[in-house]
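Just so you know, we're using this note's numbering here: the sequence shown kicks off at 156 and counts up by one. Beta carbons are placed, not taken as given, at the ideal position from N, Cα and C, and that holds for glycine.
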Amino acid sequence: LDLLAEIGLDAFTPGNNEFYRLSRNTLAQLTMESKFPWVLSTVSQADGTAFAGLRNHVVLERGGVTIGILGMLDPMENAVEQLHGLKSLDLSESLTKEVRDLKSRGVHLILLLSHCGLRDDIKFATENPGLIDVIIGGHSHSELHEIRRVGDTIIVQAGMLGKFVGELELDLETEQGQINIGASHYGLHETANIVSAAAPDDQAQSAILEKHRAAAESILDEELYTLKEDLPHDSLIQLLAKLLRRKFGAEIGMMFGPGVSRGLSKGPVRVRDIYEICRSFITPAVFEISGRQIEGLIRERDNPAITEAQGFGIGFRPQGQVFGRLVFAGLTCGDGEALGNSDNPEKLTNFPAIRINGVTLDPERWYTVGSATHLYSSEAGGYPSMDGSRNLKLERFRYIRDELVDFFRSGPDKVDGLLKVADENGDGRGSQP
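Written out as structure tokens, the structure reads:
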């Protein structure tokens, strides 16, 4: 935000990442403290008033032309209501109201910052002809190298990740007291060609960047624990299953391969190490699954078509990690062997007795599971038998990496105790700290 403020940003519209990743309090704080306006015309508090520092519109004057800037956000299946207690307004109704108000105040040009995606921008312009002069889009990461016109509305979008800088130049014509858009000139410029490696650094931007980089480095460099030996990927996944079971006081813990991307090497464990192996936005959760589902999951964990499939979509970082074999805590199979990642697949072919905390599995009973939101259904978790789970409860705006950081920060005695536990009965709890 400081970098954007320094370049003189006139307006900003938040998107799904701000609403999905930030708490209500953090959002409010950022909107209030920002040095440039956050404009969002399609979200309000439940009583219809503006939330914190969000503005319904921004009005600018440039060269004798008055410009009204509006903001539009994809309703995201009511995410703003569910996550923040806010209200998603009807897009057409709310924006039509704002445009009428601005036009009555003499605004000449209406510009809409949209975080709905190109397809929805086209749909909106089609359903609301002439309402908006220019839509500057986002969300779909579309690289539009030419203007997309829908009636009198101009739509542009410059891709993602700063690869391009979009430039739109409008020739405005005055006719009978009205200002209209004449010729338009638009293009995407590759950032690498604008800012060459040989160009001198911008001193103001560099100073801001260095200040925040130093603050981040001090956090990331915190040493949490020292591993006496390597902690491989499968052991780390098993550890997560234990931690999540313990966290929620659940009967079972359960985790899959993308929980972390790799193991940890022998030596100091720092916050940055956890963040590097745990980049996915996977949220701790507790829910219920039936004994019949558990039977299905145990069968499926030995099906290569499932375990070798790759995870894509919301939350996976990097995309394409294989689901791997599910790991459990609190569950034993056959002769009492804990059902982790290293048990013998041939045993499971014969489907021996399954026990939950030493008690034979009841296919008709519901069991509480400490796990993650991605494992609540097959859409994100990959295993068909995940479907049918119930009573999902999650800890919002907290992620698996936070659980690992807190665990390794908890002190050598507690960490050593859980890492050393043989867990012969598979209860996943170890020696209770």
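Whose C-alpha, out of the options, is nearest the C-alpha of residue i?
i	options	result
Asp457	Asp542, Ile511, Leu481, Leu182	Leu481
Arg510	Pro518, Cys488, Leu530, Glu519	Cys488
Ala359	His212, Ile162, Ser295	Ile162
Ser269	Arg260, Lys258, Thr197, His340	Thr197
Ile461	Gly208, Gln476, Ser249, Ala484	Gln476
Ala527	Ile302, Ser435, Ile363, Glu298	Ser435
Met315	Glu345, Gly332, Leu323, Gly223	Glu345
Asn512	Arg400, Phe167, Asp202	Arg400
Ser589	Ile287, Lys366, Leu391	It is not possible to answer for residue 589, since the shown part of the chain is limited to 156 through 588.
Thr204	Pro355, Phe403, Gly240, Pro230	Gly240
Ser420	Pro387, Tyr538, Ile437, Tyr430	Pro387
Glu216	Arg255, Arg260, Gln184	Arg260
Phe319	His300, Ala371, Asn233	His300
Gly219	Val262, Gln184, Ala201	Val262
Thr232	Glu378, Arg255, Asn171	According to the sequence provided, residue 232 is Glu. The question's Thr does not apply to it. The candidate whose alpha carbon is nearest that of Glu232 is Asn171.
Ser445	Glu173, Glu330, Leu516, Gly468	Leu516
Ala484	Glu173, Ile469, Ile449, Gly317	Ile449
Going by DSSP, what residue range makes up the alpha helix (DSSP H) through residue i?
i	result
Ser249	246-259
Gly439	According to the sequence displayed, residue 439 carries Pro and not Gly. Here Pro439 belongs to no alpha helix (DSSP H); instead the beta strand (DSSP E) covers 439-445.
Arg176	171-176
Phe279	273-282
Pro459	459-462
Glu365	358-375
Gln572	The question names Gln, yet the displayed sequence has Gly at residue 572. It spans 567-575 - the alpha helix (DSSP H) in which Gly572 sits, taken as one unbroken run.
Glu378	Counting along the chain, Glu378 falls outside any alpha helix (DSSP H), though it belongs to the beta strand (DSSP E) covering 378-382.
Glu558	555-564
For residue i, collect the residues of the same chain with a Cβ closer than 7 Å to its Cβ; drop the 5 residues on either side in sequence, then sort them by chain order.
i	result
Gly321	Val311, Ala313, Leu343
Asn348	none
Val570	Tyr380, Phe562, Phe563
Gly412	Ile392, Gln476, Val477, Phe478, Gly479
Gly422	Thr381, Leu382
Pro588	Low confidence applies here, because Pro588 scores a pLDDT of 23, under 50, leaving its location unreliable; read the following figure in that light. Result list for Pro588: Lys569, Gly572, in chain order.
Glu463	Val477
Near residue i, what residues of its chain come up, given a Cβ to Cβ distance below 8 Å and the 5 sequence neighbours on each side ignored?
i	result
Ser532	Met541, Asp542, Ser544
Ile374	Val426
Leu503	Any answer about Leu503 is weak, because its pLDDT of 46 lies below 50 and its placement is not dependable; what the coordinates show is given next. Within the same chain, Leu503 has close Cβ partners Ile453, Arg454, Arg456, Asp457, Cys488.
Asn283	Ser247, Leu250, Thr251
Asp376	Arg425, Val426, Arg427
Glu558	Leu395, Leu398, Leu399, Lys402, Pro439
Pro539	Gly451, Glu455, Ile461, Ser533
Pro355	none
Quick one: give me the first and last residue of the beta strand (DSSP E) that residue i is part of.
i	result
Asn180	Taken as a continuous stretch (DSSP letters only), Asn180 belongs to no beta strand (DSSP E), being part of the alpha helix (DSSP H) at 179-188.
Ser540	Segment: none, Ser540 is in no beta strand (DSSP E) and carries neither H nor E.
Lys548	545-549
Leu266	264-270
Gln333	333-345
Ala527	521-527
Thr288	The amino acid at residue 288 is misidentified as Thr; the sequence shows Asp. Note, Asp288: premise wrong, no beta strand (DSSP E); not H, not E.
Whose C-beta lies closer than 6 Å to the C-beta of residue i among residues of the same chain, with five residues either side of it excluded?
i	result
Glu501	Because the pLDDT at Glu501 is just 47, under 50, the model does not fix this residue reliably, and the point stays unresolved.
Glu324	His340
Leu574	none
Gly272	His294, Ser295
Arg447	Pro518
Gly536	His529, Leu530
Leu156	Ser189
Pro230	Ser243
Ala160	Lys190, Phe191
Report yes if the C-beta distance between residue i and residue j is below 8 Å; otherwise report no.
i	j	result
Leu228	Ala207	no
Thr221	Val213	no
Gly337	Gly306	no
Leu195	Ile224	no
Cys433	Arg551	no
Phe442	Asn546	yes
Ile277	Arg304	no
Arg288	Thr308	A small fix is needed here, since residue 288 is Asp in this sequence, not Arg. Contact flag set, yes.
Thr281	Gly226	no
Trp193	Leu177	no
Ile604	Val235	The displayed coordinates of the chain run from 156 to 588. Any statement about residue 604 would go beyond what the structure contains.
His367	Ile437	no
Ile334	Leu244	no
Lys242	Ser199	yes
Leu158	Leu364	yes
Phe279	Leu238	no
So, does the CB of residue i fall closer than 8 Å to a CB anywhere in chain C?
i	result
Met541	The structure shown has no chain C; it contains just one protein chain.
Query raised in the report: So does the region 404-422 actually touch the region 512-525, counting three or more Cβ pairs closer than 8 Å?
Result: yes
Report task. Specify whether the region 250-260 and the region 173-189 touch according to this definition: at least 3 beta carbon pairs, one from each stretch, less than 8 Å apart. Result -> no
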